[in-house]
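Some notes on the structure that comes next.
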Amino acid sequence: MKNPVHANNLKETISVINSKYKNPYLIAIDACLGNENNIGNIEIKNKLLTPGSALNKNLPSVGDISITGIVNSSGNGIEFIMLQNTRLYEVYIMSEIISKGIIKATKKK
5 MKNPVHANNL KETISVINSK YKNPYLIAID ACLGNENNIG NIEIKNKLLT
55 PGSALNKNLP SVGDISITGI VNSSGNGIEF IMLQNTRLYE VYIMSEIISK
105 GIIKATKKK
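Residue numbers (our numbering): 5 to 113.
And the structure:
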């Protein structure tokens with residue numbers, strides 16, 4: 005959370021990563037909107053992440069896999085307001101769970 009990748013630096017960050025590493029394996033992580041019944045769920049998918057799609061932003065898709073934390077509901081036409089009213093604490097807790105899961109999954113035995 006100290007140096008987040010966001011809409012304003014996404015393209016540059018991808019470019020920097022690709023210049024430093026040959027064929028990097030990227031895990032894209034984002035908070036997202038979803039079905040009201042799924043709020044609080046963390047989803048791992050074997051596909052690209054399309055950031056900003058709830059707000060109709062035209063951002064590049066990224067990642068070899070994607071992990072999303074559903075932080076609020078969508079589909080009611082007020083997605084921007086829903087994101088603005090999402091508690092940062094909820095996002096923080098999900099980020100802690102996701103980061104600990106990645107560390108545990110990749111830890112050598």
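Positions of the beta carbon are idealized from the N, C-alpha and C atoms, including for glycine.
* To do: Give the straight-line distance between the Cα atoms of S77 and I18, rounded to the nearest whole angstrom.
  => Here residue 77 is taken as the residue at index 73 of the sequence shown, counted from 1. Here residue 18 is taken as the residue at index 14 of the sequence shown, counted from 1. For S77 and I18, the distance between alpha carbons rounds to 28 Å.
* Along the chain, where does the alpha helix (DSSP H) that runs through I102 open and close? -> If you number the sequence shown from 1, residue 102 lands on position 98. Judged by DSSP secondary structure, I102 falls within the alpha helix (DSSP H) whose first and last residues are L92 to T110.
* Would you call L59 buried or exposed, if buried means 16 or more other Cβ atoms sit within 10 Å of its Cβ? -> Residue numbering aside, residue 59 sits at position 55 when the sequence shown is read from its first letter. That one is exposed.
* Are three or more beta carbon pairs between the stretch 76-91 and the stretch 18-31 nearer than 8 Å? -> Output reads no: the stretch 18-31 does not touch the stretch 76-91.
* In chain order, what residues of the same chain have a beta carbon less than 7 Å from the beta carbon of E94, not counting five sequence neighbours either side? -> The residue labelled residue 94 in the question sits at position 90 within the sequence shown. Within the same chain, E94 has close Cβ partners V75.
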